[in-house]
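So the structure is just underneath, and the comments pick up after that.
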Amino acid sequence: MQTLSIGELAERSGVASQAIRFYEKEKLMPPPRRTDANYRRYPLEAVDRLQFIVHAKQWGFTLQEIRELLMLQDANGDRAQAKRIAGEKLHKVREQIKHLTRIEAVLSKTLGECAGEGPMQEGCPIVEAIAEQAE
Numbered sequence: 001m002q003t004l005s006i007g008e009l010a011e012r013s014g015v016a017s018q019a020i021r022f023y024e025k026e027k028l029m030p031p032p033r034r035t036d037a038n039y040r041r042y043p044l045e046a047v048d049r050l051q052f053i054v055h056a057k058q059w060g061f062t063l064q065e066i067r068e069l070l071m072l073q074d075a076n077g078d079r080a081q082a083k084r085i086a087g088e089k090l091h092k093v094r095e096q097i098k099h100l101t102r103i104e105a106v107l108s109k110t111l112g113e114c115a116g117e118g119p120m121q122e123g124c125p126i127v128e129a130i131a132e133q134a135e
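So the sequence shown is numbered by UniProt numbering: it starts at 1 and just counts up by one.
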């Protein structure tokens with residue numbers, strides 16, 4: 001069975017060695033087999049698992065959510081659980097989109113109102129809009 005060193009795994013997956021060790025510590029990666037000299041040796045499947053972790057993070061999944069999805073996958077778990085996790089993530093993403101849409105609208109409006117010249121003491125619609133949102 002072919003195995004990879006941590007450096008080889010990092011190169012093939014595009015994930016830094018430090019991150020691989022972190023994912024092991026966080027129980028996202030199973031503990032690797034160790035050589036007599038205590039070097040880590042990973043199965044080839046570790047590349048796919050790391051890429052799954054990276055993609056899930058890019059989609060905004062938390063480490064806990066990724067851990068749950070991987071545990072379901074490892075245990076051949078129930079798809080309903082994976083669907084629930086994804087549904088909760090979709091709800092959060094939609095809430096973030098609403099929030100960002102409001103920010104975009106305010107920024108667009110205030111940029112149009114701002115002359116972009118003169119002293120700040122005379123008032124700045126951008127700063128005022130941000131201050132109003134903080135209240």
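Just so it is clear, CB atoms sit at the ideal spot from N, CA and C, and this is done for glycine as well.
Cα-Cα, which of the options is closest to residue i?
i      : options                    : result
Ser5   : Ile97, Pro32, Phe22, Tyr23 : Pro32
Gln58  : Asp78, Val93, Asn76, Arg41 : Val93
Glu132 : Thr110, Tyr42, Gln2        : Thr110
Arg41  : His99, Met120, Gln2, Arg49 : Gln2
What is the DSSP secondary structure of residue i, counted as helix, strand or coil?
i      : result
Pro43  : strand
Thr110 : helix
From which residue to which residue does the alpha helix (DSSP H) around residue i run?
i     : result
Lys25 : 17-25
Gln2  : Premise fails: Gln2 is in no alpha helix (DSSP H) and is neither H nor E.
Met71 : 63-74
Cutting at 6 angstroms between CB atoms, please list the residues of its own chain near residue i, excluding the five before and the five after it.
i      : result
Gln81  : Leu72
Glu128 : none
Gly7   : none
Glu113 : Pro125
Val47  : Arg12, Ser13
Met29  : Tyr23
Val106 : Ala129
By Cβ distance below 8 angstroms, which residues in the same chain neighbour residue i in space, the five residues on each side in sequence not counted?
i     : result
Glu26 : Leu63, Arg67
Among residues of its own chain, excluding the 5 on either side of residue i, which ones have a beta-carbon nearer than 7 angstroms to its beta-carbon?
i     : result
Ala10 : Ala16, Ser17, Ile20
Lys83 : none
Phe61 : Lys89
- Task: State whether the region 50-62 contacts the region 8-24, with contact taken as three or more CB pairs (one from each stretch) at a distance under 8 angstroms.
- Result: yes
- Message: Three or more C-beta pairs under 8 angstroms: does that hold for the region 83-91 against the region 60-68?
- Response: yes
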